[in-house]
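Participant: Below: one structure in structure tokens.
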Amino acid sequence: MELRQIEYFCMVAKLSSFTKAAEELHIAQPSITQAIRKLEEELGIQLFDRCKKRILLTDEGSAFYARMEILLRDLDQAVQEIHDFNELRKGTLKVGVPPMIEAYLFPDIFSCFKRQYPGLNLIAFEESSSLDAAGKLEKNELDLAIIILPEHSDTLKTLCMIQEQLLLCMHTKHPLANHQTVSFDQLKNEQFILLKEGSYQHHVTVSRCRRKNFLPNTIFSSNQITTIKGLVANGVGISLLMEMVVRNDPEIAVASLAEPICFDIGLAWKKEKTLSVAAETFVKFIEQRYKSG
Numbered sequence: 000m001e002l003r004q005i006e007y008f009c010m011v012a013k014l015s016s017f018t019k020a021a022e023e024l025h026i027a028q029p030s031i032t033q034a035i036r037k038l039e040e041e042l043g044i045q046l047f048d049r050c051k052k053r054i055l056l057t058d059e060g061s062a063f064y065a066r067m068e069i070l071l072r073d074l075d076q077a078v079q080e081i082h083d084f085n086e087l088r089k090g091t092l093k094v095g096v097p098p099m100i101e102a103y104l105f106p107d108i109f110s111c112f113k114r115q116y117p118g119l120n121l122i123a124f125e126e127s128s129s130l131d132a133a134g135k136l137e138k139n140e141l142d143l144a145i146i147i148l149p150e151h152s153d154t155l156k157t158l159c160m161i162q163e164q165l166l167l168c169m170h171t172k173h174p175l176a177n178h179q180t181v182s183f184d185q186l187k188n189e190q191f192i193l194l195k196e197g198s199y200q201h202h203v204t205v206s207r208c209r210r211k212n213f214l215p216n217t218i219f220s221s222n223q224i225t226t227i228k229g230l231v232a233n234g235v236g237i238s239l240l241m242e243m244v245v246r247n248d249p250e251i252a253v254a255s256l257a258e259p260i261c262f263d264i265g266l267a268w269k270k271e272k273t274l275s276v277a278a279e280t281f282v283k284f285i286e287q288r289y290k291s292g
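Position one of the sequence shown corresponds to residue 0 (numbering that gives the first Met the number 0), numbered consecutively onward.
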């Protein structure tokens, strides 16, 4: 049974005429007659009563027509839906974003993407860390993620967007506030306010402190960047935050680290995963947006 036979049959049933069906479909009438004859042979039933002047469906034909009409309508809807996906009128993509990136980089990306592709539904998931987001990519729980990129990954494809560094952040009247650069040796007696364990910032801060033979005195940890900045601005403790987070903030003093902590932020997705049209569109959008950077 071929789709072409079903289409011919439904058109004849609808118009009660082989001649009118041929005209509507722009094909020769013998082609329709032959296709329906073959269909009847395959089904082992007679679909039309040809003994009268007007072509009428048999009881079996009526039952078959009712089913096939639904099938063709569903097929048309499915094809239209695929066209909508391909023409970017429809589609959903799930993007994971850790706190600092979500708060200071993602809003502009999201708004620009939605203006350019209003039919696509971009759902953002705040992940506790870049590592957690990468893990969800590998489990197919996310389509894409904007994360601090790993130096190497066997399972992820990546696209670098920007390079960032961590800056020492402190109260404007902190003793180190007027220093351009600060070493970790100078932070032994400081109180640290960090992102929660598992974040890149937390991991690298603890690692650097250990290299200097001490552990950070962490008095507070949170995944809320505004909370961390507020505590730093009020002199409760120091923190290490991305440059983009504290750039031009008059309430926080910053200093570069003597041994800079630099990293790439970018888009990541699973190597073995076939991206949807919506996800591929987002990848191209990011690539175009940051290619000059």
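Note that the Cβ used here is the ideal one computed from N, Cα and C, for glycine as well.
Identify every run of the alpha helix (DSSP H) within the stretch 136-222, keeping only runs that are complete inside it and at least 4 residues long; order them along the chain.
Facilitator: As far as the stretch 136-222 is concerned, its whole alpha helix (DSSP H) runs of at least 4 residues are 199-210.
Participant: Name the residue from 219, 205 and 100 whose alpha carbon lies nearest to the alpha carbon of residue 242.
Facilitator: Per the Cα distances, 100.
Participant: Between 118, 204 and 169, which lies nearest to residue 250 when the distance is taken from Cα to Cα?
Facilitator: Here the closest residue by C-alpha is 169.
Participant: Assign residue 129 to one of two classes, buried (16 or more other C-beta atoms within 10 Å of its C-beta) or exposed (fewer than that).
Facilitator: The residue in question, residue 129, is buried, as its Cβ has 16 or more Cβ neighbours within 10 Å.
Participant: Helix, strand or coil, according to DSSP, for residue 264 in the structure here?
Facilitator: If DSSP states are grouped into helix, strand and coil, residue 264 belongs with the strands.
Participant: Does the stretch 190-198 come close enough to the stretch 51-66 to have 3 or more Cβ pairs within less than 8 Å?
Facilitator: The stretch 190-198 vs the stretch 51-66: no contact.
Participant: Look at the alpha carbon of residue 26 and the alpha carbon of residue 270, and state the distance between them as a whole number of angstroms.
Facilitator: C-alpha separation (whole angstroms): 47 Å.
Participant: For residue 2, does the three-state DSSP call read helix, strand or coil?
Facilitator: DSSP places residue 2 in helix when its eight states are reduced to three.
Participant: What do you reckon, are the CB atoms on residue 299 and residue 254 nearer than 8 Å?
Facilitator: Outside the shown range of the chain (0 to 292) lies residue 299, about which nothing can therefore be said.
Participant: Let me know the secondary structure DSSP gives residue 292 once reduced to three states.
Facilitator: Below a pLDDT of 50, predicted positions are generally treated as unreliable, and residue 292, at 48, falls in that range; the measurement from the model is reported next regardless. Looking at residue 292 - three-state DSSP - the assignment turns out to be coil, as it is neither helix nor strand.
Participant: So, using beta-carbon positions, are residue 45 and residue 32 closer together than 8 Å?
Facilitator: Contact flag unset, no.
Participant: Just curious, the beta strand (DSSP E) that residue 253 is in, first and last residue?
Facilitator: 251-256 is the extent of the beta strand (DSSP E) around residue 253.
Participant: Mapping DSSP to helix, strand and coil, what is residue 126?
Facilitator: Residue 126 falls in the coil class under three-state DSSP.
Participant: Return helix, strand or coil for residue 270, following the three-state DSSP convention.
Facilitator: Reduced to three states, the DSSP call for residue 270 is coil.
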